[in-house]
Each structure stands twice: as structure tokens, then as C-alpha cells.
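**Q** Supplied in C-alpha cells, the structure appears directly below.
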Amino acid sequence: MIKSQNALLAGIFCASAFFLAACDSGGDGFNNNLEAGNEQSTPSGVLEDESANVIIPDGTNLRINYADPNYELIASPDYILQQWNDMKSCLQVEAPDPYVLIEREVLPPDNATDVIELPGDQFAASVLDREYDAFIQIRVDDFDPQTESRGFFFRQIIGPYMWRYNGYPDQTYDYYCAAVVVQ
């Protein structure tokens, strides 16, 4: 009898949690922050809002999210994928495809693994190494086609991530690959 009472209480608790989440979503009965089935299949460490508005180039697990849809005109998925693949080739390493957030202003997480700082307390890029991949933030300005060093900060942040992922010491990383502009 106690087992069935515990099961009943657990069921009531779960139902209550569901309805509280639904009520918290603005009254439409659905929690818009969750996608059906995504919660269980997503590796730990993945940010809750990563599944929204993500572009995944064919044949990859590279996830690209644009804070503004117009940024895709400046930093196309094809260009980002090319940069990612060319860095792996130059460094002769493999690494899990990251989640890349392209935004006007980078605000790194408190636990970021690496950041690239700009003058005036601003950041060009950040990376957070995670168990299954990396979360990379990059300024859209880095991909301006008019600049000679297009994508430099992106290459400069992903190179050390790839290096670390392969277990190589940071002090042996050569920034040559990041300095090479890939058109």
C-alpha cells in the first residue's frame, strides 16, 4: 500500500510540475523553452536555448546560431564551416563540431575556458569547453568581408580549443594556422 501511495504522490508531483511549467510560459499551455524529446538527448552542459534558430550545415554537427538573422549575410554557414575544416586540416587534429553563436557583442560565460579581449572591456570571442563539444561566441564584425583578416578571431579561438581537445599542452600550440587568412 505504501508503494502505491508513493507512486501516486510521485505522479501528482510530476503533473503539478508540468502544469506549473505550462503556466509559466505565458498562458498558452506550453513551455516554449523546451522542445519535445530534446531534454533527454541533449548532452549535459548544453545551454537551454541552443536548439532555437540553429543552422546545421549538411553532413556536420556544427550548430550555428545568429543573434540577428541578418548576420547570416555576413557570416554564412558555408564560410564558418570552411574555416572550421581548414583549421582542423592545418592543425592536423579532429574535434567535435561546436555550437557557434554569432552576435554583435560577446558576453562570455563566467566559466569560459578562453576569451579574446578587446580594448574597452569588450570581447571579440569566447569558448567554453564542454564534455561533448564547445560553446563558441564570436562577434559578427569578425566576419566582415571588407577586412583583410576576416575570421581571424574565430580561428584564434577555435584553434586552441581543438588543440586542448586532442590533449596537447597549451604551450605547444602554434598560432600560425589562425594567422593564415582562408578565403
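By our numbering, the letter at position 96 of the sequence shown is numbered 93, and the numbering carries on one by one without gaps. Glycine is no exception: its CB is placed at the ideal position from the N, C-alpha and C atoms.
Here's the rule I'm using: 16 or more other beta-carbon atoms within 10 Å means buried, otherwise exposed. How should S86 be labelled?
**A** When all chains shown are included, S86 counts as exposed.
**Q** With burial defined as no fewer than 16 other Cβ atoms inside 10 Å of the residue's Cβ, what is the status of S148: buried or exposed?
**A** The residue you asked about is not Ser; residue 148 is Gly in the sequence shown. The residue is buried, with at least 16 neighbouring Cβ atoms inside 10 Å.
**Q** Report back the beta-carbon spacing between L98 and A64 to the nearest angstrom; my notes put them in contact at under 8 angstroms.
**A** 7 angstroms
**Q** Starting from the Cα of Y68, find the closest Cα among Y162, R60, N108, R101 and give me that residue.
**A** R101
**Q** Tell me, to the nearest whole angstrom, how far the beta carbon of Q134 is from that of P157; I am working on the premise that it is less than 8 angstroms.
**A** Q134 to P157, Cβ: 15 angstroms. No contact.
**Q** How is N67 classed by DSSP in three states: helix, strand or coil?
**A** helix
**Q** Just mark D107 as buried or exposed, buried being the case when its beta carbon has 16 or more other beta carbons within 10 Å.
**A** exposed
**Q** Helix, strand or coil: which one does DSSP assign to N82?
**A** helix
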